[in-house]
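J.: This is the structure, below, for whatever I ask next.
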Amino acid sequence: MDKAVVLRGITKRFPGIVANDRIDLEVEKGEIHAIVGENGAGKSTLMKILAGIYQPDEGEIYIFGKKERITSPGRAIELKIGMVHQHFMLVDRFTVLENIILGAEKRLGIALDEKKCRKAVEELLSLYNFSLNLDARVEEISVGQAQRVEILKVLYRGADILVLDEPTAVLAPQEVKELFNNLRRLKSEGKTIIFISHKLDEVLEIADRITVLRRGRVEGTVLPSRVTKEDLARMMVGKPVMMKLDKEPVNAGDVLLSIKDLVVKESSGKPVVNGVSLEIRGGEIYGIAGIEGNGQKELAEAIIGLREASSGRIKACGRDITGLSIKEIRDLGVAFIPEDRHRQGLVLPMKVWENMILGYHTKKEFLKGKSLNLKAIRRFTKNKVEEYGVRLSSIEQPIEGLSGGNQQKVILGRELSREPKVIVASQPTRGLDVGAAEFVHRELLKMRKKGRAILLISADLEEVLSIADRVGVMYNGKITAEFRPEEVTSEDIGVYMLGGDVKAGEGK
Amino acid sequence: MFFGELLASSLRMAVPILLTALGAVFTERSGVVNIGLEGMMIVGSFWGALGAYYYGPYFGLLLAMAAGMFMALIHAINTVTFRVDQVVSGVAINILAYGSTRFLSLAIFNMATTSPHVSGLPKINIPVLSGIEFLKPLVTDVSPVIILALVLVPISSFVINRTVFGLRLRSVGENPLAADTLGINVFKMKYAGVLLSGILSGLSGAYLALEHTGMYVEGMTQGQGFIALAAMIFGNWEPKGVLWASLLFGFSEALSFRVVEGGVVPYQFVKMIPYVLTLLVLTGVVKKSTGPAASGVPYERGLK
Numbered sequence: 001m002d003k004a005v006v007l008r009g010i011t012k013r014f015p016g017i018v019a020n021d022r023i024d025l026e027v028e029k030g031e032i033h034a035i036v037g038e039n040g041a042g043k044s045t046l047m048k049i050l051a052g053i054y055q056p057d058e059g060e061i062y063i064f065g066k067k068e069r070i071t072s073p074g075r076a077i078e079l080k081i082g083m084v085h086q087h088f089m090l091v092d093r094f095t096v097l098e099n100i101i102l103g104a105e106k107r108l109g110i111a112l113d114e115k116k117c118r119k120a121v122e123e124l125l126s127l128y129n130f131s132l133n134l135d136a137r138v139e140e141i142s143v144g145q146a147q148r149v150e151i152l153k154v155l156y157r158g159a160d161i162l163v164l165d166e167p168t169a170v171l172a173p174q175e176v177k178e179l180f181n182n183l184r185r186l187k188s189e190g191k192t193i194i195f196i197s198h199k200l201d202e203v204l205e206i207a208d209r210i211t212v213l214r215r216g217r218v219e220g221t222v223l224p225s226r227v228t229k230e231d232l233a234r235m236m237v238g239k240p241v242m243m244k245l246d247k248e249p250v251n252a253g254d255v256l257l258s259i260k261d262l263v264v265k266e267s268s269g270k271p272v273v274n275g276v277s278l279e280i281r282g283g284e285i286y287g288i289a290g291i292e293g294n295g296q297k298e299l300a301e302a303i304i305g306l307r308e309a310s311s312g313r314i315k316a317c318g319r320d321i322t323g324l325s326i327k328e329i330r331d332l333g334v335a336f337i338p339e340d341r342h343r344q345g346l347v348l349p350m351k352v353w354e355n356m357i358l359g360y361h362t363k364k365e366f367l368k369g370k371s372l373n374l375k376a377i378r379r380f381t382k383n384k385v386e387e388y389g390v391r392l393s394s395i396e397q398p399i400e401g402l403s404g405g406n407q408q409k410v411i412l413g414r415e416l417s418r419e420p421k422v423i424v425a426s427q428p429t430r431g432l433d434v435g436a437a438e439f440v441h442r443e444l445l446k447m448r449k450k451g452r453a454i455l456l457i458s459a460d461l462e463e464v465l466s467i468a469d470r471v472g473v474m475y476n477g478k479i480t481a482e483f484r485p486e487e488v489t490s491e492d493i494g495v496y497m498l499g500g501d502v503k504a505g506e507g508k
Numbered sequence: 001m002f003f004g005e006l007l008a009s010s011l012r013m014a015v016p017i018l019l020t021a022l023g024a025v026f027t028e029r030s031g032v033v034n035i036g037l038e039g040m041m042i043v044g045s046f047w048g049a050l051g052a053y054y055y056g057p058y059f060g061l062l063l064a065m066a067a068g069m070f071m072a073l074i075h076a077i078n079t080v081t082f083r084v085d086q087v088v089s090g091v092a093i094n095i096l097a098y099g100s101t102r103f104l105s106l107a108i109f110n111m112a113t114t115s116p117h118v119s120g121l122p123k124i125n126i127p128v129l130s131g132i133e134f135l136k137p138l139v140t141d142v143s144p145v146i147i148l149a150l151v152l153v154p155i156s157s158f159v160i161n162r163t164v165f166g167l168r169l170r171s172v173g174e175n176p177l178a179a180d181t182l183g184i185n186v187f188k189m190k191y192a193g194v195l196l197s198g199i200l201s202g203l204s205g206a207y208l209a210l211e212h213t214g215m216y217v218e219g220m221t222q223g224q225g226f227i228a229l230a231a232m233i234f235g236n237w238e239p240k241g242v243l244w245a246s247l248l249f250g251f252s253e254a255l256s257f258r259v260v261e262g263g264v265v266p267y268q269f270v271k272m273i274p275y276v277l278t279l280l281v282l283t284g285v286v287k288k289s290t291g292p293a294a295s296g297v298p299y300e301r302g303l304k
């Protein structure tokens, strides 16, 4: 029997890096084949080659036994390869039905034959047992539903090979379960699934075989029954990884950050943070879990002064900081690790040393008279680079040339070196590979030990549960539940993340 | 009778705005901002008059549409193929239109600012309705282009909302990357949207020259290409909305003529009405209406 996909010696170079280096891969018909690797290991590049978005520089591709060149996304569809992108490729203002049929419409003359399209999609829904409202606009549906739309899009086009790029990154645990049920159903109908992820538990649960990529190369293909999570992590990183963090008990100190009845409104007047109250003591990490878009970002921005509070008070280090300027708040000892490194944390075209003092450039130690004391700044930057192990060729290089993990280290170096009392860390490990994420976690725990109050906002439930002392679940602008991590399971939190209530037993 | 005439005049004033605004809907729905519509109207008015002068009004209309389309082609090449800033390209189109018509007018007609008189299409009397006294100004001596413009409203609406072409056009204006991954030719759709806007603006310019004034006059478009953009926004990027918005603008122009004739308010203030209305619409309505998500953003493959 012919294999669904065979790759031979696929190489793809980008300026400065080899994203894929002589990759060999074989995917059997009807299997769920996982591809794991750190960020930058070349998973997404490889999948984009399969989807016809990139062309490989070298190598051969065989689809169902025939040698093919996938010259465009359209060609990929013809070859029955369907890509479910990590960032949804949906038209928000179109309905679910319109999104599914777009580009493969059934026609009646020049007009759209909506009836026929609807019938075809409804047949798919019942065949694979998916539930979706075809007339809802995509902007109104949940992330899990949007993902189902993406999957249906490729099924509608008759795809036999489905490529899912980090499909669980945006889902709550319950939604992951549903996705996996759907995938198993697809497999039983004979579809081949290529599943890209860096979440090892999930991969071990769903995959028939796992291929590990590291630095653009295939590290090996393994069976999930024969390996442990630790084995996979070691293959991905190239060295043993500590899966458990040492979290020493720390005695909580005074309340350093307190928020009372905070309301933040969008420009349209709709409250996005709707009456949040919490207190964080020194030596404590308060984790906020929740599906993105439930007000976490706005909460963080309100604390740091980027957004105005419509009502409620925020106190930090004993002072009321509501309405103060960002500079005043930072000078009081509030540090901010923003969720979007590229847009908020750094000025990408600027040099590493410039980024290292950004926002602190008016501090006495960096000034000589009215101008910058370049010598002192360079010395400071070099010290921090060494202390945090930032890998770079020179501190004169633009920071955009650094990897995500190293960029984040620069931000940590800048924000944490001022001995802040309160740290607001918003998605601090987003997009970082296992090693870099571990580093960030250790730094945050170090700060905890030093008696700082830390607010950790993260979409990664595992992260929150592993390092926070208390966990609040944010849903619809409110903190709907609060736990200690040891007294709760991720499934329970997932129910709250979706707006349900465990005690009332009304999980969605 | 006065009211009937005012309505008829409003309709005549609304037609150039309507035609151009319909074009604007097509280009913006495909994600290309086109502020060169004014320039496309200008070439339409000149080439329309030129064609009509030598070969009659039908040829004039065709030539005007071709000229508008040619300008649109330049805009499309600039913005879609070479990803030039869409506003900059639009401004360039306007300057090019102004300069080229003045030059050609001098070269061909030996007059910089006007053409000789040209005749328009034969006027139509609409049967049955023209018997009603009140409607008389509205339905007698009607330019066929007015009827064409009105018919184009439901047709455009159908094309945009109910055809495969329309669905793809809209998808490209909303999320070109999504459309591209589905095998839709983003560039082709954008070219189609921009070219349609050029054809309609050219027709609109020809209407001004042939049907409205009977000659080409420099500056006869009077910024109506920009007002059409306001009408498009006011009409929420939908042909039917655009119709009502154009009628409103047409009405304000017609009204300003009448008030000028009345002589109560200084003429300069009255002439401001359509433009003040445009400003008010743009400041007041823009917040509430939302255009295509990817409008104005050049699309490039392989970028995140």
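Those protein sequences? They're chains A and B, same order as listed.
Counting in the UniProt record's numbering, the first sequence runs from 1 upward without gaps.
Counting in the UniProt record's numbering, the second sequence runs from 1 upward without gaps.
Even for Gly, the Cβ is constructed at its ideal location relative to N, Cα and C.
All values reported here derive from a predicted model rather than from experimental measurement.
#1: Starting from the C-beta of B/R83, find all residues in its chain whose C-beta is less than 7 Å away, skip the five residues before and the five after it, and write them out in chain order.
#2: The alpha helix (DSSP H) that contains A/A233, what's its start and end?
#3: Would a C-beta distance cut-off of 8 Å place A/K338 and A/E400 closer than the cut-off?
#4: Measure the Cβ-Cβ separation of B/G90 and B/K190 and say whether it is below 8 Å.
#5: For the beta strand (DSSP E) containing A/R484, name the first residue and the last one.
#6: Helix or strand or just coil, what does DSSP make of B/Y299?
#7: Are any of the Cβ atoms in chain A nearer than 8 Å to that of B/R29?
#8: Taking 8 Å as the cut-off, decide whether the C-beta atoms of A/L134 and A/V154 are in contact.
#9: Between the Cα of A/I100 and those of A/G65, A/L213, A/Q145 and A/G59, spot the shortest distance and give me the residue it belongs to.
#10: Take B/V217 and list the residues in its own chain whose beta-carbon comes closer than 7 Å to its own, dropping the five residues that flank it on each side.
#11: Would you decide whether B/K304 is buried or exposed? Buried here means 16 or more other CB atoms lie within 10 Å of its CB.
#12: With C-beta atoms as the reference, is A/P173 less than 8 Å away from A/G494?
#13: Output the residue ranges of the beta strand (DSSP E) runs that lie fully inside the segment 92-141 of chain A and measure 3 residues or longer, sorted by chain position.
#14: Helix, strand or coil, according to DSSP, for A/G253 in the structure here?
#15: Round the Cβ separation of B/A198 and B/M40 to the nearest angstrom and send it over; I've been treating them as touching at under 8 Å.
#16: Would you mind telling me which residues of chain A sit closer than 8 Å to B/A26, beta carbon to beta carbon, in chain order?
#17: To test your reading of the DSSP string, which unbroken alpha helix (DSSP H) runs of 4 or more residues are found completely within the segment 128-213 of chain B?
#18: Give the straight-line distance between the Cα atoms of A/G369 and A/T362, rounded to the nearest whole angstrom.
#19: Over the uninterrupted alpha helix (DSSP H) stretch that includes B/R29, give me the two end residues.
#20: Comparing the CB of A/V154 with every heavy atom of the ligand NAD, is any distance shorter than 7 Å?
#21: What span of residues does the alpha helix (DSSP H) with B/Y53 cover, start to end?
#22: At a cut of 8 Å, does the segment 208-216 of chain B reach the segment 251-265 of chain B through at least three beta carbon pairs?
#23: Between which two residues does the beta strand (DSSP E) holding A/R286 run?
#24: So A/Q147 and A/L179 are supposed to be a Cβ contact under 8 Å. How far apart are they, rounded?
#25: Just checking, does the segment 40-51 of chain B make contact with the segment 265-281 of chain B on the three C-beta pairs under 8 Å criterion?
#26: For the alpha helix (DSSP H) containing B/F226, name the first residue and the last one.
#27: Would DSSP call A/I391 helix, strand or coil?
#28: Does the beta carbon of A/V91 come closer than 8 Å to any beta carbon on chain B?
#29: Can you find at least 3 beta carbon pairs, one from the segment 13-26 of chain A and one from the segment 211-225 of chain A, that sit closer than 8 Å?
#30: Output yes if chain A places a C-beta closer than 8 Å to the C-beta of B/N125; else output no.
#31: Tell me whether the segment 309-316 of chain A and the segment 257-266 of chain A touch, counting them as touching only if at least three CB pairs, one residue from each stretch, are closer than 8 Å.
#32: Quick check: A/A207 and A/I81, are their CB atoms within less than 8 Å of each other?
#33: Are A/M89 and B/N175 close, meaning C-beta to C-beta below 8 Å?
#34: Starting from the C-beta of B/V15, find all residues in its chain whose C-beta is less than 7 Å away, skip the five residues before and the five after it, and write them out in chain order.
#35: When you compare only the Cα positions, how much space is there between B/I17 and B/E238?
#36: At the 8 Å Cβ level, is B/S201 part of the contact set with chain A, yes or no?
T.: Straight from the coordinates:
#1: P298 and E300
#2: Here the alpha helix (DSSP H) through A/A233 covers K229 to V237.
#3: At residue 338 of chain A the sequence reads Pro, which differs from the Lys that was named. No, these two residues do not count as a Cβ contact at 8 Å.
#4: no
#5: No beta strand (DSSP E) holds A/R484; DSSP gives it neither H nor E.
#6: Residue state, collapsed to three classes: coil.
#7: no
#8: no
#9: Closest in C-alpha terms to A/I100, from the list A/G65, A/L213, A/Q145 and A/G59, comes A/Q145.
#10: T113 and T114
#11: Note on B/K304: pLDDT 36, under 50, position unreliable in the model; no value is reported.
#12: yes
#13: none
#14: coil
#15: Position check: residue 198 of chain B holds Gly in this sequence, whereas Ala was assumed. Yes, B/G198 and B/M40 are in contact; Cβ-Cβ is about 5 Å, under 8 Å.
#16: The sequence as given places Phe at residue 26 of chain B; Ala does not occur at that position. Within chain A, no residue comes near B/F26; the closest Cβ sits about 15 Å away, beyond 8 Å.
#17: For the alpha helix (DSSP H) assignment, the uninterrupted runs of no fewer than 4 residues enclosed by the segment 128-213 of chain B are, from N- to C-terminal side, 136-139, 144-162, 164-174, 176-181 and 186-206.
#18: Each residue's Cα considered, the two are about 11 Å apart.
#19: F2 to R29
#20: Absent from the structure shown: the ligand NAD. Ligands present: none.
#21: Run containing B/Y53: L37 to Y55, per the alpha helix (DSSP H) assignment.
#22: In this structure the segment 208-216 of chain B does not lie against the segment 251-265 of chain B, because fewer than three pairs of beta carbons, one per stretch, are closer than 8 Å.
#23: Here the sequence assigns Tyr to residue 286 of chain A, which means Arg is not the residue at that position. First-last of the beta strand (DSSP E) with A/Y286: E284 to A289.
#24: 7 Å
#25: no
#26: Q224 to F234
#27: Sequence inspection shows Arg at residue 391 of chain A; the Ile mentioned does not correspond to that position. Residue state, collapsed to three classes: coil.
#28: yes
#29: yes
#30: no
#31: yes
#32: no
#33: yes
#34: V145, I146, A149 and Y207
#35: 14 Å
#36: no
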